[in-house]
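Colleague: So the sequence lines, in the order shown, correspond to chains F and U.
Just so we're aligned, residue 1 is where the first sequence starts under our numbering, counting upward by one.
Just so we're aligned, residue 1 is where the second sequence starts under our numbering, counting upward by one.
Glycine included, each C-beta is placed from N, C-alpha and C at the ideal position.
Protein chains: 2
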Amino acid sequence: MTAPSSAHPISVYEAIRRRRDVRAEFTGDPVPDPVLHRILTAAHQAPSVGNTQPWDFVIIQAPDRLAEFAQHVAERRARFAASLPPQRRETFTPIKIEGIRESGTGIVVTYNPKRGGPNVLGRHTVEDTGLFSAVLAIQNLWLAAVAEGIGIGWVSFYDEGFLARFIGAEAPVRPIAWLCAGPVTQLQETPDLERFGWRARRPVSDAIHREYLR
Amino acid sequence: MTAPSSAHPISVYEAIRRRRDVRAEFTGDPVPDPVLHRILTAAHQAPSVGNTQPWDFVIIQAPDRLAEFAQHVAERRARFAASLPPQRRETFTPIKIEGIRESGTGIVVTYNPKRGGPNVLGRHTVEDTGLFSAVLAIQNLWLAAVAEGIGIGWVSFYDEGFLARFIGAEAPVRPIAWLCAGPVTQLQETPDLERFGWRARRPVSDAIHREYLR
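#1: Checking 8 Å against the spacing of the C-beta atoms, do Ile16 of chain F and Leu143 of chain F come in under that value?
#2: Contact between the segment 143-154 of chain U and the segment 176-190 of chain F: three or more CB pairs below 8 Å?
#3: What residues from chain F crowd round Val204 of chain U, counting only those whose CB sits closer than 7 Å?
#4: Alpha carbon to alpha carbon, how far is His209 of chain U from Asp64 of chain F?
#5: From the DSSP output, in three-state form, read off Glu14 of chain F for me.
#6: Tell whether a beta-carbon distance below 8 Å holds between Thr129 of chain U and Gly182 of chain U.
#7: For the beta strand (DSSP E) containing Trp178 of chain F, list its first residue and its last residue.
#8: Rounded to a whole number of angstroms, what is the C-alpha to C-alpha distance between Val109 of chain F and Thr93 of chain F?
#9: Take every Cβ of the segment 182-191 of chain U, pair it with every Cβ of the segment 150-157 of chain U, and state whether three or more of those distances are shorter than 8 Å.
#10: Sort F:Phe166, F:Lys114, F:Pro34 by Cα distance to Glu211 of chain U and report the nearest one.
#11: CA-CA distance, Glu148 of chain U and Val35 of chain U?
#12: What in chain C is Cβ-close to Phe92 of chain F, meaning under 8 Å?
#13: What does the alpha-carbon distance come out to for the pair Ala82 of chain F and Asn119 of chain U?
#14: Mind pulling the chain U residues with CB within less than 8 Å of Ser11 of chain F?
#15: Buried or exposed: which applies to Gln87 of chain F, given that a residue is buried once 16 or more other Cβ atoms fall within 10 Å of its Cβ?
#16: I'd like to confirm the pairing. Which residues does DSSP put opposite Phe57 of chain U in its beta bridges?
#17: Looking at the C-beta of Ile100 of chain F, does it have a partner C-beta in chain U at a distance below 8 Å?
#18: Have a look at Asp21 of chain F and Trp55 of chain F and give me their C-alpha separation to the nearest angstrom.
#19: Identify the residues that DSSP records as bridge partners of Gly151 of chain F: which are they?
#20: Please confirm if Gln71 of chain U has its CB atom under 8 Å from at least one CB of chain F.
#21: Name, in chain order, the residues that DSSP records as bridge partners for Phe26 of chain U.
#22: Mind checking who Asp21 of chain F pairs with in its DSSP beta bridge?
#23: For Glu98 of chain F, which residues of its own chain have a beta-carbon under 6 Å away from its beta-carbon, when the five flanking residues on both sides are left out?
#24: With distances taken between CB atoms, is the gap from Ile95 of chain F to Leu136 of chain U smaller than 8 Å?
#25: Report yes or no: is there a C-beta of chain U within less than 8 Å of the C-beta of Ser5 of chain F?
#26: Can you look up Arg202 of chain U in the DSSP assignment and give me helix, strand or coil?
#27: What is the DSSP secondary structure of Glu90 of chain U, counted as helix, strand or coil?
#28: When the Cα atoms are used, what is the spatial distance from Ser103 of chain U to Pro32 of chain U?
#29: Roughly how far, in whole angstroms, is the beta-carbon of Leu40 of chain U from the beta-carbon of Phe57 of chain U, given that I think they are within contact range, below 8 Å?
#30: Using CA atoms only, rank isn't needed, just tell me which of F:Thr190, F:Ile10, F:Thr52, F:Ala78 is closest to Pro203 of chain U.
#31: What residues from chain U crowd round Gly62 of chain F, counting only those whose CB sits closer than 8 Å?
#32: Answer with buried or exposed for Thr125 of chain F, where buried requires no fewer than 16 other C-beta atoms within 10 angstroms of its C-beta.
#33: Quick check on Pro172 of chain U: buried or exposed, where buried means 16 or more other Cβ atoms within 10 Å of its Cβ?
#34: Out of F:Trp198, F:Glu90, F:Pro30, which has the shortest C-alpha to C-alpha gap to Gly117 of chain U?
#35: So with Cβ pairs under 8 Å, would you call Phe80 of chain U a contact of chain F?
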């Protein structure tokens with residue numbers, strides 16, 4: 001399957017179906033700036049509690065900085081591997097968990113709880129809705145990237161404090177994701193964690209309930 | 001602008017642009033079951049940390065139950081209004097915050113941190129990634145709904161404990177959203193909170209940074 005391009009718009013259902021969490025398929029080519037701008041604009045069109053738009057996007061492309069973050073992630077990967085029972089460790093070993101250098105671009109998404117002032121409409125009852133808004137923006141970005149032939153890989157093997165210092169974010173601003181972004185040779189038909197036998201997909205019928213969760 | 005239908009698939013960028021948080025535009029017609037199934041299937045295709053798929057969807061359509069939840073939300077709305085300074089209260093008063101009964105369908109999204117067992121690949125460093133996965137599913141659902149001519153309205157004026165009891169969710173499972181879902185007369189061009197002068201959109205350029213957040 002070849003990657004689509006913006007000249008051939010794909011439907012929202014097709015983007016949802018084809019979206020993958022990419023590690024190994026980055027070509028090494030940079031994301032063209034206009035493409036990066038379009039996918040960040042899509043992210044910025046996300047809904048947010050009280051219309052606070054609490055997200056920011058930090059684009060990291062300096063090779064020495066990508067290498068530094070990749071080194072940090074490699075250490076955290078080793079710690080996780082060491083924590084696994086032997087059989088799970090064997091399943092885990094061949095799984096690639098990041099493409100930080102190969103993608104050429106990192107997008108750190110941050111959440112700023114101060115945006116919107118003291119009275120955020122809709123956040124007073126459910127505090128997490130602020131954080132959730134920034135996550136909705138990530139899914140917009142991810143689906144727009146599919147339409148652009150850009151692969152996205154969400155890396156979560158890092159310490160939040162390390163990443164905050166790395167981008168110069170000060171509390172209460174939190175980095176909530178590192179997204180690798182770059183052109184890809186292809187998007188896999190089957191998610192990596194299924195292909196490598198880590199965990200299979202549940203049937204959707206298991207996730208749907210009527211009136212009560214049972 | 002009329003609502004699109006599944007017979008006329010829309011591009012992912014168009015879905016992102018047209019998506020609105022709907023309160024007032026529900027027609028009162030029920031969501032056809034096959035449509036509901038398609039948008040929940042789209043939700044279920046979301047990425048998740050360690051492929052845990054930690055979400056569930058509880059469909060609520062019994063009119064007495066919709067009325068009961070709407071009553072709870074009305075009380076929480078009154079409390080928020082009372083907490084505002086007079087000028088903000090005046091801006092808030094005409095803003096409709098839910099369409100629980102009018103939509104005819106509530107979809108409660110829950111997060112189950114136990115799914116995936118004790119070793120969740122990628123969640124050991126950033127605990128919130130489990131919760132984030134369920135939020136990514138919500139954005140998939142929301143965009144698929146646009147393609148189906150279904151409006152979605154995320155309600156967050158509720159107490160989490162109340163909603164957990166309401167659907168029979170037991171700790172550590174958490175309800176994280178109530179989504180009103182139903183056919184709509186139209187999707188507004190401009191978000192409600194902009195139209196009512198609550199808060200305007202920031203330029204996207206304000207949200208984009210290079211290498212460092214500054």
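Modeller: Taking the geometry as given:
#1: For the purposes of this step, residue 16 of chain F is taken as residue 16 along the first sequence, with counting starting at 1. For the purposes of this step, residue 143 of chain F is taken as residue 143 along the first sequence, with counting starting at 1. In this structure, Leu143 of chain F lies closer than 8 Å to Ile16 of chain F by Cβ.
#2: Judged by Cβ distances under 8 Å, the segment 143-154 of chain U makes no contact with the segment 176-190 of chain F, as fewer than three pairs qualify.
#3: By 1-based counting over the second sequence, the position of residue 204 of chain U is 204. Leu40, Thr41, His44, listed in chain order.
#4: Counting from 1 along the second sequence, the entry for residue 209 of chain U is found at position 209. Counting from 1 along the first sequence, the entry for residue 64 of chain F is found at position 64. Cα-Cα distance, rounded: 18 Å.
#5: For the purposes of this step, residue 14 of chain F is taken as residue 14 along the first sequence, with counting starting at 1. Looking at Glu14 of chain F - three-state DSSP - the assignment turns out to be helix.
#6: Reading the second sequence from its first residue, position 129 is the one you call residue 129 of chain U. Reading the second sequence from its first residue, position 182 is the one you call residue 182 of chain U. The criterion of a C-beta distance shorter than 8 Å is not satisfied by Thr129 of chain U and Gly182 of chain U.
#7: Start at 1 with the first residue of the first sequence, and residue 178 of chain F comes out as number 178. Membership of Trp178 of chain F in the beta strand (DSSP E) is indicated by the continuous run 174-183.
#8: Residue mapping note: residue 109 of chain F aligns to position 109 of the first sequence, counting from 1. Residue mapping note: residue 93 of chain F aligns to position 93 of the first sequence, counting from 1. The straight-line gap from Cα to Cα measures roughly 28 Å.
#9: Contact holds: three or more Cβ-Cβ distances are below 8 Å.
#10: Along the second sequence, read from residue 1 onward, the residue named residue 211 of chain U stands at position 211. For the options F:Phe166, F:Lys114, F:Pro34, the alpha carbon positioned closest to that of Glu211 of chain U is the one of F:Phe166.
#11: By 1-based counting over the second sequence, the position of residue 148 of chain U is 148. By 1-based counting over the second sequence, the position of residue 35 of chain U is 35. So the two alpha carbons sit approximately 7 Å from each other.
#12: Given the protein chain composition of this structure (F and U), no chain C is represented.
#13: Position 82 of the first sequence, counted from the first residue, corresponds to residue 82 of chain F. Position 119 of the second sequence, counted from the first residue, corresponds to residue 119 of chain U. Note on geometry: alpha-carbon atoms of Ala82 of chain F and Asn119 of chain U lie some 11 Å from one another.
#14: Mapped onto the first sequence, residue 11 of chain F falls at position 11. Simply Pro9, Ile10, Ser11, Val12, Ala147.
#15: If you number the first sequence from 1, residue 87 of chain F lands on position 87. Looking at its Cβ environment, which holds fewer than 16 other Cβ atoms inside 10 Å, Gln87 of chain F is exposed.
#16: Here residue 57 of chain U corresponds to residue number 57 of the second sequence, with the count starting at 1. Answer is F:Ile208, U:Val109.
#17: The residue given as residue 100 of chain F occupies position 100 in the first sequence. For Ile100 of chain F, the answer is no, since every Cβ of chain U falls outside 8 Å of its Cβ.
#18: Taking the first residue of the first sequence as 1, we reach residue 21 of chain F at position 21. Taking the first residue of the first sequence as 1, we reach residue 55 of chain F at position 55. If you take the alpha carbons of Asp21 of chain F and Trp55 of chain F, they lie about 21 Å apart.
#19: Position 151 of the first sequence, counted from the first residue, corresponds to residue 151 of chain F. Bridge partners of Gly151 of chain F: F:Gly182.
#20: Counting from one through the second sequence, the residue named residue 71 of chain U turns up at place 71. No, because no Cβ of chain F sits closer than 8 Å to the Cβ of Gln71 of chain U.
#21: For the purposes of this step, residue 26 of chain U is taken as residue 26 along the second sequence, with counting starting at 1. Beta-bridge pairing links Phe26 of chain U to U:Val184.
#22: For the purposes of this step, residue 21 of chain F is taken as residue 21 along the first sequence, with counting starting at 1. DSSP output for Asp21 of chain F lists F:Ile152 as bridge partner(s).
#23: As a working mapping, residue 98 of chain F is identified with position 98 in the first sequence. Contacts found: Val73, Val155.
#24: Numbered from its first residue, the first sequence carries residue 95 of chain F at position 95. Numbered from its first residue, the second sequence carries residue 136 of chain U at position 136. Cβ distance not < 8 Å, so Ile95 of chain F and Leu136 of chain U don't count as in contact.
#25: Numbered from 1 along the first sequence, position 5 holds the residue referred to as residue 5 of chain F. Low confidence applies to Ser5 of chain F: its pLDDT is 49, below 50, so where it sits in the model is not reliable enough to give any reading.
#26: Here residue 202 of chain U corresponds to residue number 202 of the second sequence, with the count starting at 1. Coil at Arg202 of chain U, not helix or strand.
#27: Within the second sequence, residue 90 of chain U is the residue found at index 90, counting from 1. In the displayed model, Glu90 of chain U falls within a helix according to three-state DSSP.
#28: Counted from its first residue, the second sequence places residue 103 of chain U at position 103. Counted from its first residue, the second sequence places residue 32 of chain U at position 32. Those two C-alpha atoms are separated by around 12 Å.
#29: Position 40 of the second sequence holds residue 40 of chain U. Position 57 of the second sequence holds residue 57 of chain U. About 5 Å separates the beta carbons of Leu40 of chain U and Phe57 of chain U, which is inside the 8 Å limit, making them a contact pair.
#30: Walking along the second sequence from the start, residue 203 of chain U turns up at place 203. It is F:Thr52.
#31: The count along the first sequence starts at 1 and reaches residue 62 of chain F at position 62. Note that residue 62 of chain F is Ala in the sequence shown, not Gly. Those within 8 Å of Ala62 of chain F in chain U are Glu211.
#32: Reading the first sequence from its first residue, position 125 is the one you call residue 125 of chain F. Burial state of Thr125 of chain F is buried, judged by a 10 Å Cβ sphere holding 16 or more other Cβ atoms.
#33: Locating residue 172 of chain U in the second sequence gives position 172, counting from the first residue. Exposed, by the Cβ-count rule.
#34: Residue mapping note: residue 117 of chain U aligns to position 117 of the second sequence, counting from 1. F:Trp198 is the residue among F:Trp198, F:Glu90, F:Pro30 whose C-alpha sits nearest the C-alpha of Gly117 of chain U.
#35: Numbered from its first residue, the second sequence carries residue 80 of chain U at position 80. So yes, Phe80 of chain U belongs to the interface.
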